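For the sequence shown, the residue numbers in the working numbering are 126 to 530.
For every residue, glycine included, the Cβ atom is placed at its ideal position computed from N, Cα and C.
If you're wondering where the values come from, they're calculated on a predicted model, not measured in any experiment.
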Amino acid sequence: MSGIRLGVVGYGGRISGLIQGVFRELAADLQVTGIVDPDEAGVRSRIDSAAPGRGWAKAGGGIADDVTFYRDIDQMVKQGQLDALAIGTRCNLHTPLAIRAAQYNLPLFLEKPVAVDMRQAKALEAAFDGSQCRAVVSFPLRVSPLCELARQYIDEGAVGDPVHVAATNYVPYGTTYWEAAYRDYDVTHGLFLQKATHDFDYLMYLMGQPIVRVAATATRGHVYGGDKPSGHRCSVCDEVADCLESPQNRRRNSSGGTTSDHLCLFSVDCGEGHRLNEDASSAVLEFADGSQGVYTQVFYARRDAGTRGANVSGYLGSVAFDWYTDELKRVRHHAPFSAVEKASGGASHFGGDLELARDFIALVDHGADSRTPIETGLQSVYACLAAKESAEKSRFVNVRLVGQN
Ligand SMILES: NC(=O)c1ccc[n+]([C@@H]2O[C@H](COP(=O)([O-])OP(=O)(O)OC[C@H]3O[C@@H](n4cnc5c(N)ncnc54)[C@H](O)[C@@H]3O)[C@@H](O)[C@H]2O)c1
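Below, the structure is given as structure tokens:
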């Protein structure tokens, strides 16, 4: 199909980056013709910054967007002659908007997490039950070439039957969850839903089955959060000389995060009690056939401490990979051979964003199957909600399965 007409709800940082980057790399004449977003000025500045002559060539050429702003998704679909929809708002709005979108049977690109609580998740599942709307859920890790390679080796019998998986996620850019809008707990609902939704999804993909039971724990308030006043920021703070998060110290230490004036990571605005993003959280996972996994995520890691990946093992062997080193290692447990493969990296989300774009453009163009349909988004949310509840109640929690009554 030439000249895909895309309608976008929530034209923010993430979705504009995808559209101006990987979407147009594959479909240079894709046009954003309709937008629903209350921040028209912000949207226009994002569109302008990508306009021809301002970095446009880097996005693979293309045509300028001739955008109409609409009141809501219904008006946009009725008047906009769209070929497809994308939802790029923040987390808590994904479900209500996707439920509206489910009525229209247009191909849908949907940001994660697809829901933030059980009520939303069940409503979303019900809306898609019987809907013809097909979605590409924004899970770049599952479709990244390194994960696909691991899955291929596991399918070919490299480990025998998978019995165990150990997965780690040391996030070197974790400060964003305390200094940017992600610290608003009402929007994110914690870092299992915000972050582990990707990891639980790809782990279920590698193990070939759903997570059915979770025991989790969360550590909060040891590092970030605190009692600095609401709205506090570096430019008015008298501790910037010593604070490791001040712009000057981040610059001096090359420790990452924004190096301009920013909101305080130790402020009451970060929340308290269960309504504070966790410094670290972990889960013991039980899969449907009784095999098991452990997953741990750490948000204060910096610099070379960044690591994300998994080691899947069975009696016959192990397959381990890490997206940060872009390396996969296979070990045969009963033969004197091991192999290390190095991927050539550098692409956004380890090449996963380009694969998501491939799936979405192919879905719009000729109805091709999505590798991340709505069920994957829902199943991952159900596992995240179980982890969240388990950490709150200090006990194992069963995971609801998609399709369960
Ligand atoms: N899949 C990934 O790897 C990945 C990576 C980054 C972010 N994300 C997800 O993307 C989402 C958006 O993150 P972001 O950083 O782009 O946020 P953002 O704040 O930059 O974008 C959100 C946009 O939604 C708009 N908006 C707010 N209320 C709205 C409403 N009622 N209707 C329509 N639009 C509305 C805002 O004005 C803004 O333009 C988050 O849920 C985040 O979890 C996913």
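{"Check": "Under the rule that 16 or more other beta-carbon atoms within 10 Å means buried, what is lysine 203, buried or exposed?", "Outcome": "exposed"}
{"Check": "Which residue from Leu233, Val290, Val168 and Ser269 puts its Cα closest to that of glutamate 452?", "Outcome": "Ser269"}
{"Check": "Is any non-hydrogen atom of ligand 1 found closer than 7 Å to the C-beta of alanine 306, if you look at the structure I gave you?", "Outcome": "yes"}
{"Check": "Exposed or buried, what is tyrosine 298 when buried is set at 16 or more other beta-carbons lying within 10 Å of its beta-carbon?", "Outcome": "exposed"}
{"Check": "Below 7 Å, is the gap between the Cβ of arginine 196 and the nearest heavy atom of ligand 1?", "Outcome": "no"}
{"Check": "Tell me the residue span of the beta strand (DSSP E) that contains valine 157.", "Outcome": "156 to 161"}
{"Check": "If you run the structure through DSSP and keep just helix, strand and coil, what is serine 406?", "Outcome": "strand"}
{"Check": "Alpha carbon to alpha carbon, how far is tryptophan 448 from histidine 459?", "Outcome": "27 Å"}
{"Check": "Within 8 Å, do at least three Cβ pairs link the region 378 to 388 to the region 353 to 369?", "Outcome": "yes"}
{"Check": "Judging by CA-CA distance, which residue of Gly431, Gly418, Ile336 and Thr293 is the nearest neighbour of leucine 510?", "Outcome": "Ile336"}
{"Check": "Assign glycine 185 to one of three DSSP states: helix, strand, or coil.", "Outcome": "Note that glycine 185 scores 40 on pLDDT, short of 50, meaning its location in the model is unreliable and no value can be drawn from it."}
{"Check": "Please report the residue range of the beta strand (DSSP E) in which phenylalanine 234 lies.", "Outcome": "233 to 235"}
{"Check": "Is the beta carbon of tyrosine 302 sitting closer than 8 Å to the one on asparagine 217?", "Outcome": "no"}
{"Check": "Quick check: what's the CA-CA separation for phenylalanine 531 versus alanine 252?", "Outcome": "Coverage of the chain is limited to positions 126 through 530, which leaves residue 531 absent and any answer about it impossible."}
{"Check": "Going along the chain, which unbroken runs of the beta strand (DSSP E) with 3 or more residues stay wholly within the region 405 to 487?", "Outcome": "405 to 412, 417 to 423, 432 to 438, 442 to 447, 452 to 457 and 463 to 467"}
{"Check": "Using a Cβ distance threshold of 8 Å, determine whether the region 337 to 346 contacts the region 238 to 247, with at least three qualifying pairs required.", "Outcome": "no"}
{"Check": "Heavy atom of ligand 1 less than 7 Å from the Cβ of proline 297, yes or no?", "Outcome": "no"}
{"Check": "Considering alanine 246, what are the terminal residues of the alpha helix (DSSP H) in which it resides?", "Outcome": "243 to 253"}
{"Check": "For glutamine 257, which residues in the same chain have their Cβ closer than 8 Å to its Cβ, ignoring the five residues on either side in sequence?", "Outcome": "Asn230"}
{"Check": "CB of threonine 421 to nearest heavy atom of ligand 1: below 7 Å?", "Outcome": "no"}
{"Check": "Does the Cβ of glycine 167 lie closer than 7 Å to at least one heavy atom of ligand 1?", "Outcome": "yes"}
{"Check": "Between the region 307 to 315 and the region 479 to 490, can you find at least three pairs of beta-carbon atoms closer than 8 Å?", "Outcome": "no"}
{"Check": "Note down the Cα distance separating valine 409 from valine 465, rounded to an integer number of angstroms.", "Outcome": "28 Å"}
{"Check": "What does the Cβ neighbour count give for glutamate 165, buried or exposed, with the cut at 16 atoms within 10 Å?", "Outcome": "exposed"}
{"Check": "Return the residue from the list Ala413, Thr421 and Pro354 that minimises the CA-CA distance to serine 406.", "Outcome": "Thr421"}
{"Check": "By a C-beta neighbour count over all protein chains shown, 10 Å radius and 16 as the cutoff for buried, is glutamine 529 buried or exposed?", "Outcome": "exposed"}
{"Check": "Leaving out five residues on either side along the sequence, give the residues of the same chain with a beta carbon under 8 Å from the beta carbon of valine 296.", "Outcome": "Lys320, Gln422, Val423, Phe424, Ala426, Gly431 and Arg433"}
{"Check": "Closer than 6 Å by C-beta to arginine 400: which residues in its own chain qualify, once you throw out the five before and the five after it? Chain order, please.", "Outcome": "Tyr310"}
{"Check": "Counting pairs of Cβ atoms below 8 Å between the region 520 to 527 and the region 276 to 286, do you hit three or more?", "Outcome": "no"}
{"Check": "Cβ of histidine 474 versus every heavy atom of ligand 1: is any distance shorter than 7 Å?", "Outcome": "yes"}
{"Check": "Please say whether aspartate 191 and glutamine 145 have beta carbons closer to each other than 8 Å?", "Outcome": "no"}
{"Check": "Considering just the uninterrupted stretch of the alpha helix (DSSP H) at asparagine 374, what are its terminal residues?", "Outcome": "372 to 378"}
{"Check": "Going by other Cβ atoms of all chains shown within 10 Å of its Cβ, with 16 needed for buried, is histidine 491 buried or exposed?", "Outcome": "exposed"}
{"Check": "Where does leucine 401 fall in DSSP's three states?", "Outcome": "coil"}
{"Check": "Can you tell me which of the three DSSP states threonine 293 falls into?", "Outcome": "strand"}
{"Check": "On the DSSP bridge assignment, give the partners of isoleucine 336 in chain order.", "Outcome": "Phe412"}
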